[in-house]
Every structure is written in C-alpha cells, then in structure tokens.
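K.L.:
Dropping a structure here in structure tokens format, bear with me for questions.
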Amino acid sequence: MTRFITAAFAAMLALAGCDAVPGRPRPDARELAPTEVMAFETLYARNCAGCHGQTGRLGAARALNDPVYLAVAPPERVRRVIATGVPGTAQPPFALSAGGPLTDSQIDVLVRGIKDRWQRPGAVTGHQIPPYDGGRAAGGDVGRGRAVFASACARCHGDDGRGGPRGGGVADSSYLALVSDQHLRTTVIAGRSDLGMPDWRGDGGTAPLTPQQVSDVVAWLVAQRRPVPGRLP
Amino acid sequence: MSARGLGPVRSTLGWLEERAGLGGAIAPALDHPVPRSTASWWYVFGSATLALFVLQVVTGICLALVYVPSAEGAYQSLLYLNFQAPFGWFLRAVHFWGSNAMVAVMTLHMIQVFLWGAHKYPRELTWIVGVFLFLCTLGMAFTGQILRWDQDAYWGLGIGASIASRAPGVGDALVSLLLGGPIIAGRTLSRFFAVHVFLVPGILIGMIGLHIWLVLRIGINEWPMPGRVVTRETYRQRYEEEVHKDGVSFFPYAARKDMVACGVVVLAVVLCAVLFGPFGPHGVPDPTLIDTAPKPDFYFLALYALFALLPPWTETVVILVGPVLAIGALFLVPFIAGTGEKSWKRRPVAVLGVLVIVLTVTTLAGLGVAVPWSPQMEAWTAAATPVRYVKGRTPLELQGALVLQNKQCRTCHSLGGGGGRRGPALDGIATRQTRDQLIRQVLQGGGNMPAYGKNLSPAEVNALVAFMGTLRP
Chain S
0 MTRFITAAFA AMLALAGCDA VPGRPRPDAR ELAPTEVMAF ETLYARNCAG
50 CHGQTGRLGA ARALNDPVYL AVAPPERVRR VIATGVPGTA QPPFALSAGG
100 PLTDSQIDVL VRGIKDRWQR PGAVTGHQIP PYDGGRAAGG DVGRGRAVFA
150 SACARCHGDD GRGGPRGGGV ADSSYLALVS DQHLRTTVIA GRSDLGMPDW
200 RGDGGTAPLT PQQVSDVVAW LVAQRRPVPG RLP
Chain V
0 MSARGLGPVR STLGWLEERA GLGGAIAPAL DHPVPRSTAS WWYVFGSATL
50 ALFVLQVVTG ICLALVYVPS AEGAYQSLLY LNFQAPFGWF LRAVHFWGSN
100 AMVAVMTLHM IQVFLWGAHK YPRELTWIVG VFLFLCTLGM AFTGQILRWD
150 QDAYWGLGIG ASIASRAPGV GDALVSLLLG GPIIAGRTLS RFFAVHVFLV
200 PGILIGMIGL HIWLVLRIGI NEWPMPGRVV TRETYRQRYE EEVHKDGVSF
250 FPYAARKDMV ACGVVVLAVV LCAVLFGPFG PHGVPDPTLI DTAPKPDFYF
300 LALYALFALL PPWTETVVIL VGPVLAIGAL FLVPFIAGTG EKSWKRRPVA
350 VLGVLVIVLT VTTLAGLGVA VPWSPQMEAW TAAATPVRYV KGRTPLELQG
400 ALVLQNKQCR TCHSLGGGGG RRGPALDGIA TRQTRDQLIR QVLQGGGNMP
450 AYGKNLSPAE VNALVAFMGT LRP
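Chains as they are written, first to last, in numbering that gives the first Met the number 0: chain S, 0 to 232; chain V, 0 to 472.
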C-alpha cells in the first residue's frame, strides 16, 4: 500500500512536469478582459447577435449578413451606427466614448468583419443602386410616394400600409415612432431578404424603383407618423 | 539499505536525542495505548485533515515566494505562476484543490465525531477547539479566494462588505476593518494577504496543537456501544479499564490506517491538480464592469443560493442573525447533549439533524451551481430572439422584439431557453396573460420585477405587447 502510494506520487509529479497534462493551463486559455477581445465572432456574438440574429440573418433587426445591404451601405456609415447608435431607436451606441462597451479598434474589427464575411462583390450588377443617404436633401414628394406605395408595396403591405396578406402594417404609428427615417430608406432599398421582402429591384413583377421613387415612398411613410397616445397604467 | 548502512544515521540521531530528548518526549504520545476499536477507517478523517493542512502550508509558502500582494502586481504574478514559472501552475492547482479537500474532509471529520458521540463528556473542549478550527479554515478559504484578486474575488468581497455593512450601528466600522478603508483598494489586498498568510495560519497552528494535546490527554473516543451511557461519574474509569484490557499502542497499530488515509487524500489532491489544473484567475478586476456574474468557490455556494432565494425583506435579518445562530449552535452542541447515549443508533434526533443539514446544504449548493437567479447581464445583446419568433412577424411585432432586447428584459426572462431565469420564461406568455394583463405587468411591474412605466414610451409599450401577444407554443 505504502509503496503504491509512493509510486503514484512519483508518477504524478513526473506527469506535472510534462507539457501535455490536462490540468496545465494553456496560454490561449487566459481570459481576456472584455476590451481585449479582438475576434470578430466573439464580438459579434456578444454584442450584436441578440438583435441582428445569430448568423447575421433572421434577427428582429435588419440582416447584416446580406450582400445587397452591404453593397448599399457605406462602411463609414455602418461604423457610425455601431459607435454612436441611432437615437430614438433600439440600436444602442457601442463606443466607449458614447458610454458603450467597445473600443475603437474593436468597432473596426466589427465593421471589417461584417464586410469581409458577408459582402459578395457581384451582388448587384447591372443596376444603379439608389443612394444610401436619405436625409432632408432626398427631396421626396408625399403625394407621389403614396402612388409608388400603391403600385410597389400595397400588394404585400395592404392598402395605405395597413397590413396585407404577405406583410404586416408599415404605416402603423407605433412602428413608425420606433424607427429612423434612414431605417425606412435602407429597408426600401435593400429589402429584408431574410424575411421575404424584396429590395428596390422588386421581385420581377415591376420595374426597379428609381432613386426618386425611393425618396418619394420614404417621404410618404415618414408622413404617416402620428403621435402615439399614452395610456394610464 | 542494510542495517549496517543505517549506522551513521542512528548514531547522529542518538547524538541529537541525548542532548535534545525530543524523541523521549514524543515517544509516549506515539506509544500511548488506545482502545482497539479506534483503529478503524472511520477514525482517519482527523489525520487526513492535518495532512492536508501541512500540504497547504508547504504549497502556500512556495506561492507566497512569488505572489505580489499589491493591486497592480497580484494578477500579473498569478499569470506568471500559471504560464511561466516551472511548476507554478501545479503549485497553484495543488493549493486550490487542497483547500477544497481540506474543507470537505474536515466536514466529514466533524460529522463523524458528532455521530460517534465524541463531543460528549469529557471531550467538550476538544469539540469547541475543533469548531474554532473549522471557522478558521473557512476564513482561510474566503481570504484565499480574495487573494486571487480577479473579478470573482472582487465581487465576493463586495458582497462580503455589503453583508458587513448591514450590521446595525457598527456597519461602517466593520466595512473599513474588512477593506482597510471605505472601498476595495490596494490596501484591502494587503490586509487580506496578512490575514491569510500570517494571522489565521498562526491561530490555526496553535489551535491544532491544542486540539491534538486534548486528544492525547483524554484519549481517542472509543467505538460507541448502544446502551453504554456516558455519565460524568463513571465514564473515565470505564475508558481506562477498556484501554487497559483491550488497548493497543497508537503507533503503529492504529496509526497505520491514518497514514494510508493521509497518503490517499494528498494523492487525490495531486491527481485533481494534474487533471483539472489551477482555478482562474478569471478576468482582471475592474469596478466599472458590472456585467459579470460572479460565482463563489463551492463552499460558499450554498450561502449564495440562500441569499438568492430569500425574499429581499428577510435578507438583513437572515444575514445578520443566521451565522450567529449557526455558529452558536455548533459551540453549544456539547453542552446541550454532553452525556447520555453515544451510539448514533440510539440518537435519532442527532442523525436526523445531520441528514437535514447535509441535505439542505447540498441542495442549496446544487441550486447555487445552477444560479438561475443571477441575472444574465449580456443576454440583451447576446441572446438572439429565436428565429421562430422572428419569422412571420409584422414590422411592429419585430420592433417589440427589439424593445424586449433593448430594455434588457432578457436579463431576467428567457426566450427559447436563452436569457436569465429570475422571472418566468416568456415563451407561451400569450396563452397565460391577456393584452391588458401584459400592459399592466410591464408598466407596474410586480413580484420581483421592476415597474417600467416611466422608462417605456407608449409606442414601445404597444410594440412590446404586440410582440408578446404572438408568443404561443
């Protein structure tokens, strides 16, 4: 018995000297401080997957794993959204300077990672892409926009955007209160391919929307915003 | 080695013995007769605990040679031990697993002693010193965990401080005694280092000496026989008679099993160290990171779960009064039942008590491992809305899902298995609550849920309720 115990000790100590013992900590197993993480997968999974989906698709917020969207959106705008968030919407600011958890270089990793992984060069060839930037300068006309909606959108979203067989209501005042104008514009241009909404080129039945038509239909949607009455608890 | 080869060793020892006489002083202790019945495997836990203590002292001294007890240096020195110093990781691992084993084996020793009635007359003082040893060992475990000086340590300490601060009147004084100031800082670490390395080990060594002295003086508890009742008048005489009639010398007859047990526990510790390695350090301590879910080492898991389960209004009372009662009860055991039956076969209340305590503590610890109550601080950005709750939802409902993420409801509520468990899972909520009930729950809160009334715009409430209205199985 004593001899067995002694032998076992010796064996154990010899083992502890090896590199390959299971208990020996590996240098790469060191836990990183949250601001030291530089792997895109980890950064995305911890910070974005909740809203934009595990795989970058089929999340509640727009798909980022979408070549058409990435062809439309300029990287510096993507960066700005991540860093400073979109005020008044559910997109939070992530930059340390804006009270978020990520350093500038981590945000760079995210912007580059989204592009490297999910962009496909020839995603939209042969079409002129309507400009990403909407803003006041886009000069949409509400009246024309209503007509564009009726012809391009109503078959899914119902008359005047009250909800139809293949898409929910988009003129709903609560919905419109929670999204930015840019989000509406991005959606009209890039669609939501993961949920079955076509991009500005339509799904074959109609001609692609012109940049003017895009601005018009967004102007009409924005004009549907109404104050949402509160309720007393 | 032949007998002749040992000659020089013998003569050196003989030279020493002639002058110091230490062997002569120890010999009676080794040879003293003990009842034959005590040479049992059940009686080895005490020696095993002592062996683990020695192991802790040895590995602890080695670690202290490298460890830097300063806020900046501690974490780095642990990384140095883990990744650079030869056998550094192994030392850390042995010290960690040794501390776990020491708490565990010591608990076994206590339970055995209690069930075998060894706390009864005339061994009350041995028991009391033993309880001190137990408390000191837990103190070592707690202070040792702090020396890891990582996220867990930081928050363990924060929780300790908030417990101390609840003490009426002396709360602030206690906190500054514990932390060396009003907040956790470098001075806190120096303090814990001194306590862990000098103060408590010093006390432990003294107490262990006293404990062993008492055991030798009064004799090892004989194997209890049902029906043989302890009384102050007859016990000692009967013990003497038993030892006289059927005694064996402690060394080597009874000590053999002790030595084997010591070897086995130390071996088990070393095996765990080789297989599972050292623990932590987990992440640099950073007071600005609130989104960590710290978990204490296993011996405090039960306490942790208890606090998580308690309704908030009882916490202060339980935290302040509970430990005092529990420790007081341990000290009082030999005075409440100091004589009478010794055999556990005739002490149903004692056996039941042990069972209830062991079951409660293990259940609580099991719950503590699962920590369903600790909020999941990362869930709002990390736990995706399940795809089946995204498909076929209207734009407003999708916004509701986003509000649910953004307002961090998933810190406490899970969807599709992801998220916290403080509140009920929200899957299928539409079948449990009507639209109006949902609105009321969100605006007014209730139970342990905060009221969101002022923090949600009417549009957000509409979106949330629209989304939750679609959550059916």
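The beta-carbon is built from N, C-alpha and C at its ideal position, and this holds for glycine as well. From a predicted model like this one, the values you see are computed outputs, not experimental measurements.
Considering only the beta carbon of each residue, do V/Ala-38 and V/Ala-253 sit closer than 8 Å?
P.N.:
Within the second sequence, residue 38 of chain V is the residue found at index 39, counting from 1. Within the second sequence, residue 253 of chain V is the residue found at index 254, counting from 1. Yes.
K.L.:
Run the CB neighbour count on V/Thr-287, radius 10 Å, all protein chains shown included, and call it buried at 16 or more, exposed below.
P.N.:
Translated into positions along the second sequence, residue 287 of chain V becomes position 288. Any reading at V/Thr-287 is ruled out, since the residue's pLDDT is 47, under 50, leaving its predicted position unreliable.
K.L.:
Can you give me the Cβ contacts of V/Asp-290 inside the same chain, cut-off strictly under 8 Å, excluding the 5 residues immediately before and after it?
P.N.:
Taking the second sequence and counting its residues from 1, the one referred to as residue 290 of chain V is at position 291. Here V/Asp-290 scores only 47 on pLDDT, less than 50, and its place in the model should not be relied on; the value that follows carries that caveat. The residues are Met-376 and Glu-377.
K.L.:
Ignoring anything shorter than 4 residues, give me the alpha helix (DSSP H) runs that lie fully in the segment 8-80 of chain S, in order along the chain.
P.N.:
Within the segment 8-80 of chain S, the complete alpha helix (DSSP H) runs of at least 4 residues are 39-46, 48-51 and 66-71.
K.L.:
Tell me, please, whether the CB atom of V/Leu-274 is closer than 8 Å to any CB atom in chain S?
P.N.:
Here residue 274 of chain V refers to the residue found at position 275 of the second sequence. Judged by the 8 Å Cβ criterion, V/Leu-274 is in contact with chain S.
K.L.:
Can you name the residues of chain S whose CB is closer than 8 Å to the CB of V/Glu-123?
P.N.:
Within the second sequence, residue 123 of chain V is the residue found at index 124, counting from 1. Chain S residues near V/Glu-123: none, gap ~36 Å exceeds 8 Å.
K.L.:
Rounded to the nearest angstrom, how far is the Cβ of S/Ser-192 from that of S/Ala-62, given a contact under 8 Å?
P.N.:
Residue numbering aside, residue 192 of chain S sits at position 193 when the first sequence is read from its first letter. Residue numbering aside, residue 62 of chain S sits at position 63 when the first sequence is read from its first letter. Yes, S/Ser-192 and S/Ala-62 are in contact; Cβ-Cβ is about 7 Å, under 8 Å.
K.L.:
Whose C-beta lies closer than 8 Å to the C-beta of V/Val-199 among residues of the same chain, with five residues either side of it excluded?
P.N.:
As a first step, residue 199 of chain V must be located in the second sequence, where it is residue number 200. Excluding sequence neighbours, V/Val-199 sits near Cys-135, Gly-138, Met-139 and Thr-142.
K.L.:
Along chain S, in chain order, which residues have C-beta atoms closer than 9 Å to that of V/Thr-474?
P.N.:
Since the displayed chain V opens at 0 and closes at 472, residue 474 of chain V lies outside it and no answer follows.
K.L.:
Between the C-alpha atoms of S/His-126 and S/Thr-209, what's the straight-line distance to the nearest angstrom?
P.N.:
Within the first sequence, residue 126 of chain S is the residue found at index 127, counting from 1. Within the first sequence, residue 209 of chain S is the residue found at index 210, counting from 1. Taking the straight line joining both Cα atoms gives about 10 Å.
K.L.:
Across which residues does DSSP place V/Ser-248 in a beta bridge pair?
P.N.:
Locating residue 248 of chain V in the second sequence gives position 249, counting from the first residue. The partner list for V/Ser-248 (beta bridge, DSSP) reads V/Pro-32.
K.L.:
Could you confirm whether any beta carbon from chain V is found closer than 8 Å to the beta carbon of S/Ser-192?
P.N.:
For the purposes of this step, residue 192 of chain S is taken as the residue at position 193 of the first sequence. With 8 Å as the cut-off, S/Ser-192 does not count as an interface residue toward chain V.
K.L.:
Would you report the Cα separation of V/Leu-146 and V/Phe-334, rounded to the nearest angstrom?
P.N.:
Looking up residue 146 of chain V in the second sequence gives position 147. Looking up residue 334 of chain V in the second sequence gives position 335. Taking the straight line joining both Cα atoms gives about 37 Å.
K.L.:
In the DSSP assignment, the alpha helix (DSSP H) including V/Trp-96 goes from what residue to what residue?
P.N.:
Walking along the second sequence from the start, residue 96 of chain V turns up at place 97. First-last of the alpha helix (DSSP H) with V/Trp-96: 87-114.
K.L.:
Compare the beta carbon distance of V/Gly-415 and V/Ala-465 with 8 Å and say whether it is the shorter of the two.
P.N.:
Taking the first residue of the second sequence as 1, we reach residue 415 of chain V at position 416. Taking the first residue of the second sequence as 1, we reach residue 465 of chain V at position 466. Result no, Cβ atoms of V/Gly-415 and V/Ala-465 do not sit closer than 8 Å.
K.L.:
What three-state label does DSSP hand S/Ala-94 in the structure shown?
P.N.:
Looking up residue 94 of chain S in the first sequence gives position 95. The answer is strand: DSSP assigns S/Ala-94 an E or B state.
K.L.:
With a cut-off of 8 Å on the beta carbons, I'd call V/Glu-241 and V/Pro-34 a contact; round off their distance for me.
P.N.:
Along the second sequence, one-based indexing puts residue 241 of chain V at 242. Along the second sequence, one-based indexing puts residue 34 of chain V at 35. Their Cβ separation, rounded to whole angstroms, is 5 Å, which keeps V/Glu-241 and V/Pro-34 in contact under 8 Å.
K.L.:
Of the residues S/Thr-83, S/Gly-87 and S/Gly-112, which one's Cα is nearest the Cα of S/Gly-98?
P.N.:
Residue mapping note: residue 98 of chain S aligns to position 99 of the first sequence, counting from 1. Nearest to S/Gly-98 by C-alpha distance, out of S/Thr-83, S/Gly-87 and S/Gly-112, is S/Thr-83.
K.L.:
Against chain S, with Cβ distances strictly below 8 Å, would V/His-281 count as a contact?
P.N.:
Sequence index remark: in the second sequence, residue 281 of chain V carries index 282 (1-based). Nearest CB-CB separation between V/His-281 and chain S: below the 8 Å threshold.
K.L.:
Do S/Gln-223 and S/Gly-167 have their CB atoms nearer than 8 Å?
P.N.:
By 1-based counting over the first sequence, the position of residue 223 of chain S is 224. By 1-based counting over the first sequence, the position of residue 167 of chain S is 168. Not a contact, by the Cβ cut-off of 8 Å.
K.L.:
So, are the CB atoms of V/Pro-473 and V/Thr-430 less than 8 Å apart?
P.N.:
As shown, chain V starts at 0 and ends at 472. That puts residue 473 of chain V outside it, with no answer to give.
K.L.:
Given a limit of 8 Å on CB to CB distance, which residues of the segment 171-183 of chain S reach chain V?
P.N.:
Asp-171, Ser-172, Ser-173, Tyr-174, Ala-176, Leu-177 and Val-178
K.L.:
From the DSSP output, in three-state form, read off S/Arg-2 for me.
P.N.:
Position 3 of the first sequence, counted from the first residue, corresponds to residue 2 of chain S. Residue state, collapsed to three classes: helix.
K.L.:
Starting from the beta carbon of V/Leu-270, find every residue of chain S whose beta carbon is closer than 9 Å, and list them in chain order.
P.N.:
The residue labelled residue 270 of chain V in the question sits at position 271 within the second sequence. Within chain S, Ala-7 and Met-11 have C-beta atoms less than 9 Å from the C-beta of V/Leu-270, given in sequence order.
K.L.:
For V/Pro-181, which of V/His-118, V/Asp-171 and V/Pro-167 has the nearest alpha-carbon?
P.N.:
Indexing the second sequence from 1 puts residue 181 of chain V at position 182. Each of V/His-118, V/Asp-171 and V/Pro-167 was checked against the Cα of V/Pro-181, and the nearest Cα belongs to V/Asp-171.
K.L.:
Could you tell me which whole alpha helix (DSSP H) segments of length 4 or greater appear in the segment 187-267 of chain V?
P.N.:
199-217 and 234-245
K.L.:
Can V/Val-43 and V/Asp-257 be called in contact, C-beta distance under 8 Å?
P.N.:
The sequence position of residue 43 of chain V within the second sequence is 44, counting from 1. The sequence position of residue 257 of chain V within the second sequence is 258, counting from 1. Yes, the Cβ-Cβ distance between V/Val-43 and V/Asp-257 is below 8 Å.
K.L.:
Can you list, in chain order, the stretches of the alpha helix (DSSP H) that have 4 or more residues and sit fully within the segment 371-458 of chain V?
P.N.:
List check, alpha helix (DSSP H) in window: 378-381, 394-405, 428-431 and 434-443.
K.L.:
For S/Val-187, would you say it is in contact with chain V, using Cβ-to-Cβ distances shorter than 8 Å as the test?
P.N.:
Walking along the first sequence from the start, residue 187 of chain S turns up at place 188. Closer than 8 Å: no.
K.L.:
Please identify the residue among V/Glu-123, V/Leu-64 and V/Glu-340 whose C-alpha is closest to the C-alpha of V/Leu-228.
P.N.:
The sequence position of residue 228 of chain V within the second sequence is 229, counting from 1. Looking at the sequence provided, one finds Val at residue 228 of chain V rather than Leu. For V/Val-228, the nearest C-alpha among the options comes from V/Glu-340.
K.L.:
Please confirm whether S/Asp-215 and S/Asp-158 have their CB atoms less than 8 Å apart.
P.N.:
Taking the first residue of the first sequence as position 1, residue 215 of chain S is located at position 216. Taking the first residue of the first sequence as position 1, residue 158 of chain S is located at position 159. Taking 8 Å as the cut-off, the beta carbon of S/Asp-215 is found no closer than this to the beta carbon of S/Asp-158.
K.L.:
Taking CB distances under 8 Å as the criterion, tell me whether V/Leu-78 reaches chain S.
P.N.:
Walking along the second sequence from the start, residue 78 of chain V turns up at place 79. Yes, its Cβ sits closer than 8 Å to a Cβ of chain S.
K.L.:
So S/Gly-162 contacts chain V; which residues on that side make the cut at Cβ distance below 8 Å?
P.N.:
Taking the first sequence and counting its residues from 1, the one referred to as residue 162 of chain S is at position 163. Simply Thr-393.
K.L.:
By the three-class DSSP mapping on this structure, what secondary structure does V/Leu-5 have?
P.N.:
Indexing the second sequence from 1 puts residue 5 of chain V at position 6. V/Leu-5 falls in the coil class under three-state DSSP.
K.L.:
What is the rounded straight-line gap between the Cα of V/Thr-338 and the Cα of V/Tyr-120?
P.N.:
By one-based count along the second sequence, residue 338 of chain V stands at place 339. By one-based count along the second sequence, residue 120 of chain V stands at place 121. The alpha-carbon separation between V/Thr-338 and V/Tyr-120 amounts to approximately 6 Å.
K.L.:
Along the chain, where does the alpha helix (DSSP H) that runs through S/Trp-219 open and close?
P.N.:
On the first sequence, position 220 is the one that residue 219 of chain S refers to. Here the alpha helix (DSSP H) through S/Trp-219 covers 210-222.
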